[in-house]
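For the sequence shown, position 75 matches number 75 in my numbering, and the numbering has no gaps at all.
Backbone N, C-alpha and C define an ideal beta-carbon position, used for all residues, glycine too.
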Amino acid sequence: MSAQRRLVVAGGGAVGSAIALALARAGHAVVLADPAPLGDNASGVAAGMIAPAFEAVLDEASTGHFDLLRAGRDLWSGFLGGIDPTEAGLDRSGALWIDRRADAGGQAEVILAKMAAIGAEAQRVDPQQARALSAGLGSDVAQALFTPEDWRLDPARALGVLRRAALDAGCVQVAASVTGFEVGIATLSDGQTIAADLLVAATGAEAAFLAPELARLSPIKGQIIRFADAGPTGGPSVRARGGYASPSPDGLVAGATMEAGRADRGVDPAAAAGLAAFAARLYPGLAGREPAAAAGVRATSPDGLPLVGASGKPGVLVAAGMRRNGWLLAPLAAGVITALANGDDPGPYAARLDARRFED
Numbered sequence: 001m002s003a004q005r006r007l008v009v010a011g012g013g014a015v016g017s018a019i020a021l022a023l024a025r026a027g028h029a030v031v032l033a034d035p036a037p038l039g040d041n042a043s044g045v046a047a048g049m050i051a052p053a054f055e056a057v058l059d060e061a062s063t064g065h066f067d068l069l070r071a072g073r074d075l076w077s078g079f080l081g082g083i084d085p086t087e088a089g090l091d092r093s094g095a096l097w098i099d100r101r102a103d104a105g106g107q108a109e110v111i112l113a114k115m116a117a118i119g120a121e122a123q124r125v126d127p128q129q130a131r132a133l134s135a136g137l138g139s140d141v142a143q144a145l146f147t148p149e150d151w152r153l154d155p156a157r158a159l160g161v162l163r164r165a166a167l168d169a170g171c172v173q174v175a176a177s178v179t180g181f182e183v184g185i186a187t188l189s190d191g192q193t194i195a196a197d198l199l200v201a202a203t204g205a206e207a208a209f210l211a212p213e214l215a216r217l218s219p220i221k222g223q224i225i226r227f228a229d230a231g232p233t234g235g236p237s238v239r240a241r242g243g244y245a246s247p248s249p250d251g252l253v254a255g256a257t258m259e260a261g262r263a264d265r266g267v268d269p270a271a272a273a274g275l276a277a278f279a280a281r282l283y284p285g286l287a288g289r290e291p292a293a294a295a296g297v298r299a300t301s302p303d304g305l306p307l308v309g310a311s312g313k314p315g316v317l318v319a320a321g322m323r324r325n326g327w328l329l330a331p332l333a334a335g336v337i338t339a340l341a342n343g344d345d346p347g348p349y350a351a352r353l354d355a356r357r358f359e360d
């Protein structure tokens with residue numbers, strides 16, 4: 001094992017928590033600093049998608065990166081170690097794409113062709129099969145496809161699992177933010193100073209004073225809704241024109257808006273109503289139900305890929321800008337950061353995610 005190092009991880013979302021766990025397991029002395037309650041961040045306001053296939057074909061920023069996204073997905077089972085994956089709500093039920101008869105210009109065949117082109121497994125399913133896979137799906141399914149490539153987890157449960165595992169591995173948690181760092185010492189918002197050889201900045205653009213690379217990030221506000229104890233509790237996630245619907249034992253989650261440049265967390269009733277209408281079109285039994293809405297703020301880099309690696313500032317490592325794929329890429333980011341802390345090869349995807357790639 002490499003020599004033990006003292007690290008402070010700034011940010012306790014999916015990525016920061018995964019990094020703290022990986023570093024503690026590697027034998028380092030780790031402090032996880034985040035003033036927010038567990039889940040009071042973008043990772044908690046999420047459906048927990050681990051969706052390499054649909055992200056690669058539907059999200060322009062992810063085009064050409066299916067290999068990276070699938071590698072991130074594949075790390076999840078091993079990353080949990082001896083923890084039962086079901087404790088984190090890890091679900092491998094796959095995902096559906098639905099074209100409704102009312103939709104102008106179906107996309108199922110185009111998406112199927114794109115998945116074939118990138119090497120993602122997918123197949124057509126008829127409307128009856130689609131309804132059998134997703135309880136309560138409406139009768140107006142025109143075309144559908146299914147991919148087993150996409151998984152999901154339960155964000156609240158997964159955050160709890162990661163945090164408990166990190167603490168069990170020796171990580172120390174402090175309810176404060178990092179307000180300054182120089183090699184050897186980190187300063188916290190509560191006035192504490194902590195001896196630290198390295199800082200991991202797993203935050204957003206608001207913490208650019210910790211690492212200059214974070215100034216390259218811009219915010220994206222996203223809103224989701226949840227129907228308490230209504231909708232399918234299992235089966236595949238469903239994508240369709242206008243959004244997604246993700247089953248959950250606690251109620252269907254539907255989303256999500258993407259509002260570039262917005263950094264507020266206020267819920268927009270009109271956006272929530274639009275998502276509720278979308279969900280009810282897919283699942284008519286939800287019509288008239290009042291969902292709970294929430295908003296979170298994610299960060300994106302200029303090219304849409306995360307910033308993961310060494311900062312230009314001495315002693316600082318960066319793991320930020322995950323955009324819509326924080327849950328998907330958390331174990332991969334944790335592996336890169338831990339390898340760098342150990343002085344090891346960070347692996348085949350580190351160059352693509354290099355935190356300094358936008359330097360002039």
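Sixteen is the threshold: when 16 or more other Cβ atoms of the shown chains lie within 10 Å of the Cβ of Glu149, as they do, the residue is buried. With contacts defined by Cβ atoms closer than 9 Å, Leu32 and Gly16 form a contacting pair. Nearest to Pro302 by alpha-carbon distance, out of Ala272, Leu353, Gly309, is Leu353. For Ser311, the secondary structure class from DSSP, reduced to helix, strand or coil, is coil. Beta-bridge annotation (DSSP): Gly255 is paired with Ile224, Tyr244. Nearest Cα to Val8 within the set Gly315, Gly72, Ala208, Ala330: Gly315. Excluding residues up to 5 positions away in sequence, Gln173 lie with their Cβ nearer than 8 Å to the Cβ of Leu167 in the same chain. If you check the CB distance, Met115 and Leu145 come in under 9 Å.
Nearest Cα to Gly255 within the set Asp264, Arg241, Asp84, Ser134: Arg241. In this model, Gly312 and Leu252 are separated by some 43 Å (Cα to Cα). DSSP places Phe79 within a helical segment (H, G or I) once states are collapsed to three.
Considering only Ala26, Gln107, Ala51, Asp103, the residue with the shortest C-alpha distance to Gly81 is Ala26. Ala299 is a Cβ neighbour of Gly204, given a cutoff of 9 Å. Within the region 96-140, complete alpha helix (DSSP H) segments of at least 4 residues are found at 108-118, 127-133, given in chain order. The residue among Arg216, Phe209, Ser246 with its C-alpha nearest the C-alpha of Phe227 is Ser246. Around the CB of Phe358, fewer than 16 other CB atoms lie within 10 Å, so the residue is classed as exposed. DSSP places Ala33 in the uninterrupted beta strand (DSSP E) bounded by 29-33. A direct Cα-to-Cα measurement between Pro35 and Gly274 gives close to 33 Å.
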